[in-house]
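One structure is given below, encoded as structure tokens.
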Amino acid sequence: MKLDDYVEFEENERAERRRLASEKSYELVDHLESFQHRFEEATSGDALFGSVSPSIFVGTSNYPDVSTGILSPVGREGDADRFETSAAWYDERVSISDVFDRRTSLLNSNRPAEVTEVADAWDGFLGTQREVAIADRPVDVEIGLDDGPTLDFDVTDDDVATPTGPRARARSAELAENPHVPRPIKKTLEDDDWNAQGAMTYLYRRGFDVYDINSVLSAGALGRGENRRLVPTRWSITAVDDTVGKFLRGTVRDAPSVDSVEVWRNEYLGNAFWVVLAPGDWEYELVEMKAPGSIWNPDPEVGVAMSSAHENREGRTGYVDETAGAYYAARFGALEHLSERGRQAKVLVLRHVSDDYWGPVGVWQVREAVRNAFEGEHGEAETLGAAVREVADHLPVSLGRLRSKSTMVAGLQSSLSDFATGRP
Amino acid sequence: MFKAIVSASTLRDALDSVSVLVDECKLRLEEDELAIRAVDPANVGMVDLALEAAAFESYEADGGVIGVNLNRLEDIVGMANSGDLVQLELDEETRKLHIQIEELSYTLALIDPDSIREEPDIPDLDLPAEIVLEGAQIGRGITAADMVSDHIRLRVDTDAEAFFIEAEGDTDDVDLKLERDDLIDLQSGPADSLFSLDYLKDMNKAIPSDAEVRVELGEEFPVKLHYEFGEGMGQVTYMLAPRIQSD
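Taken in sequence, the protein lines are chains A and B.
Straight run, no breaks: the first sequence in full-length UniProt numbering ends on number 424.
Straight run, no breaks: the second sequence in full-length UniProt numbering ends on number 247.
Now the structure itself:
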């Protein structure tokens, strides 16, 4: 295997990223100030203003009494759809700065809601929010803010850690047009006897990407009537990755396995992904190596932080503690590829988060990087062990450390039938 | 025809040892024993169970096979106190199993045995090492290993005449060394295999801590764990495929 033949390292971009990292908090404040300026121009001080909303946001804190909001790029309505997280961001190769810019340009006009309220809410704020979520393009809305148009601009460490835009407490939200909703989404919305998992899978099979499904689920527009509720955006993303991933895993359950060990690689936003496919029954592991200086490294003094999670053919029973949403996002990306090929495999994903990853952009970055890792050329190796030995040269940890953290590097699960004819 | 009376605790022990691997299984109602053999859907772990007729208060069977939903059956048997007797009777007409626990009667719908996965061929292994120890000792090793890793290494050091249960984590390691004197018996031989803790933890749940467990082990070969329950009249063998190190 000659990995270096097709791997290009982006050495020259590193200095620029480091510069940005040191300035990240200033930059966020800058973004917010320029937003404020646009906002004042757009509303001219009125509590009621018109905008366009491409998406919604449901917060996690205080669940089940959450804060739920309509996002709108006030003053930049012309290209509203660019502000909605989607696979297109990868195709555009947006930078970490771009993500910060887009996220902080969205006003979150929100109000408190109890998550189950949504089941019976067909008009008013929650009704409008649902329409925004299910429409296939940004929707004209009229938003009324409480107490005049004041923005919540306190930038805390939390905001730097998870870039969010300005917030304002909303009194009302009305549709200013009749939004266009795709037929399959209408169908899942109207059928209140369809469980959420089934409806999510249906939408995926009808060609909707996980981003669309996520927004429909989050708005409480899927599932059996009495079970419908607002789903915090962050949880909803993982629920969709997991549910659609399980569906895809089912499609390859009895499929033939890949024939040889394949090594695929992709790098995006300071994250390098090595995806190793090996022959055999489905088995999957994500191993993350977070460099000192990258975000999420809990203790840079100690060096590279490692985390991993694993599943065998029957899937996981426990919660993924260490790798959280990235586990499901990377699994989805790999399974989408295998399902398209009609093959199963043992899949090892190695994620190296370098110190160029200075701001968390969200789990979409993992999903798209893995999904797109299967473009172009790949390396081959005789065995998974041989592949990992070669990849290890490019990793920030030793092969020994990788072996003690990774279940799959330590050993691949065999099956009893492998021994049916043999004897020691 | 099947009609039997058995103590709730014996029945519970039998069902527990199978339900850690599968949700449904076939019960073979042989004339002299009740037998279950099941392999998990991934074909990685197997259980082979026999409960002799003598383990029952009364037992009549003529070789039929029935399919049961184990969770359902366990729930029902869970209604019994440990001293209670459970009466089981198969209604051939309706293909239902009548279960009577004291004044409580329950009719359990059966599953068509043909719809339950066939057991694949079971490897006939002649493994070089055999370790006999208490269930509690294995349990201790598994619990400690689980703190640092999700796989576990079982090996016999032929020079040191000792059995090792080891786990290696990213930062922490666990090592349980059991020498000949710590063990009930040791037949030393070259043995060193890696196993998934997910499976072994589940199997360990069913192994009574005071049971004598006979472990057969090889080099990157499936492990076999044998133990008895129900005063020696029930026998369980687990077999678990190893994780193979790839060179």
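C-beta atoms are modelled at their ideal positions from N, C-alpha and C, and glycine is treated no differently.
Of the residues the options, which one's Cα is nearest the Cα of residue i?
i: PRO182 (chain A); options: A:ALA176, A:ARG228 and A:PHE208; result: A:PHE208
i: TRP264 (chain A); options: A:GLN197, A:ASP241, A:ARG371 and A:GLN413; result: A:ARG371
i: GLU340 (chain A); options: A:GLY50, A:GLU390 and A:VAL258; result: A:VAL258
i: ILE138 (chain B); options: B:LYS177, B:ALA129, B:PRO113 and B:ASP157; result: B:LYS177
i: THR68 (chain A); options: A:ILE96, A:MET200 and A:PRO112; result: A:PRO112
i: ALA133 (chain A); options: A:ARG169, A:VAL58, A:THR243 and A:VAL349; result: A:VAL58
i: HIS151 (chain B); options: B:ASP62, B:ASP84, B:THR10 and B:GLU166; result: B:GLU166
i: THR238 (chain A); options: A:SER105, A:ALA170, A:TYR211 and A:THR43; result: A:TYR211
i: VAL302 (chain A); options: A:MET289, A:ARG169 and A:ALA381; result: A:MET289
i: ASP356 (chain A); options: A:ASP46, A:ALA272 and A:ALA381; result: A:ALA272
i: GLY45 (chain B); options: A:GLU314, A:TYR202, A:PRO396 and A:ASP140; result: A:GLU314
Residue i versus chain B: which residues are under 8 Å apart at the beta carbon?
i: LYS186 (chain A); result: Per Cβ cutoff of 8 Å: no residues; LYS186 (chain A) is ~37 Å from chain B at best.
i: GLU314 (chain A); result: ASP40, PRO41 and ALA42
i: LEU384 (chain A); result: SER246
i: ARG401 (chain A); result: ASP170
i: SER260 (chain A); result: Residues of chain B passing the Cβ test: none, with the nearest at roughly 13 Å.
On the CB-based measure, 16 or more other CB atoms within 10 Å of its CB, does residue i come out buried or exposed?
i: GLU368 (chain A); result: buried
i: ARG153 (chain B); result: buried
i: ASP157 (chain A); result: Note that ASP157 (chain A) scores a pLDDT of 46, beneath 50, so its modelled location is shaky and nothing firm can be said.
i: residue 494 (chain A); result: A query on residue 494 (chain A) cannot be resolved here, the shown segment of chain A reaching from 1 to 424 and no further.
i: LEU48 (chain A); result: exposed
i: SER19 (chain B); result: buried
i: SER61 (chain A); result: exposed
i: TRP364 (chain A); result: buried
i: ALA15 (chain A); result: Its pLDDT being 47, under 50, ALA15 (chain A) is placed unreliably by the model, and nothing is read from it.
i: PRO242 (chain B); result: buried
i: VAL223 (chain B); result: buried
In whole angstroms, what is the alpha-carbon distance linking residue i and residue j?
i: ALA8 (chain B); j: PHE229 (chain B); result: 13 Å
i: ASP182 (chain B); j: SER82 (chain B); result: 33 Å
i: HIS337 (chain A); j: PHE374 (chain A); result: 7 Å
i: ILE185 (chain A); j: PRO73 (chain A); result: 25 Å
i: ALA324 (chain A); j: ARG214 (chain B); result: 39 Å
i: GLU114 (chain A); j: HIS98 (chain B); result: 47 Å
i: LEU108 (chain B); j: TRP274 (chain A); result: 51 Å
i: PRO123 (chain B); j: PHE419 (chain A); result: 6 Å
i: ASN43 (chain B); j: PRO256 (chain A); result: 16 Å
i: ALA144 (chain B); j: SER307 (chain A); result: 19 Å
i: GLY63 (chain B); j: LEU51 (chain B); result: 14 Å
i: ASP120 (chain A); j: ASP299 (chain A); result: 47 Å
i: GLY422 (chain A); j: GLU119 (chain B); result: At GLY422 (chain A) the pLDDT is 47, less than 50, meaning the model places this residue with poor confidence and gives no usable figure here.
i: LEU395 (chain A); j: ILE96 (chain A); result: 22 Å
In three-state DSSP terms, what is residue i?
i: TYR63 (chain A); result: coil
i: PHE273 (chain A); result: strand
i: LEU125 (chain B); result: coil
i: PRO112 (chain A); result: strand
i: SER95 (chain A); result: coil
i: TRP264 (chain A); result: strand
i: ASP79 (chain A); result: helix
i: ARG153 (chain B); result: strand
i: ALA61 (chain B); result: strand
i: ASN69 (chain B); result: strand
i: ASN372 (chain A); result: helix
i: ALA55 (chain B); result: helix
i: VAL159 (chain B); result: The sequence shown places Asp at residue 159 (chain B), not Val. Of the three classes helix, strand and coil, the one that applies to ASP159 (chain B) here is coil, per DSSP.
i: GLY234 (chain B); result: strand
i: THR68 (chain A); result: strand
i: MET408 (chain A); result: helix
i: PHE332 (chain A); result: helix
i: residue 427 (chain A); result: Look at the range of chain A in this structure, 1 to 424, and you will see that residue 427 (chain A) is not part of it.
Name the chain B residues whose beta carbon is nearer than 9 Å to that of residue i?
i: MET289 (chain A); result: Ordered by position in chain B, no residue passes the 9 Å Cβ test against MET289 (chain A), which lies about 10 Å from the chain.
i: ALA324 (chain A); result: Those within 9 Å of ALA324 (chain A) in chain B number zero; the least Cβ separation is about 17 Å.
Give the residues of chain B in contact with residue i, contact being defined as C-beta atoms less than 7 Å apart.
i: THR407 (chain A); result: ASP150 and HIS151
i: SER404 (chain A); result: GLU168, GLY169 and ASP170
i: HIS37 (chain A); result: Here the premise fails: no neighbours, minimum Cβ distance about 48 Å.
i: HIS337 (chain A); result: Residues of chain B passing the Cβ test: none, with the nearest at roughly 22 Å.
i: HIS310 (chain A); result: ASP150
So residue i contacts chain A; which residues on that side make the cut at Cβ distance below 7 Å?
i: ILE244 (chain B); result: GLY411, LEU412 and SER414
i: LEU194 (chain B); result: ALA410 and GLY411
i: MET239 (chain B); result: LEU416
i: MET147 (chain B); result: Result: empty, since nearest Cβ-Cβ is about 13 Å, beyond 7 Å.
i: PRO222 (chain B); result: LEU416 and PHE419
With respect to 8 Å, is the separation between the Cβ of residue i and the closest non-hydrogen atom of the ligand MG below this value?
i: VAL353 (chain A); result: The ligand MG is absent from the structure shown, which contains no ligands of any kind.
Please list the partners that residue i has in chain A, where partner means a Cβ-to-Cβ separation under 8 Å.
i: MET46 (chain B); result: LEU416
Worksheet item: Relative to chain E, which residues along the stretch 270-281 of chain A have a C-beta separation below 7 Å, given in chain order?
Response: This model lacks chain E altogether; the protein chains it does include are A and B.
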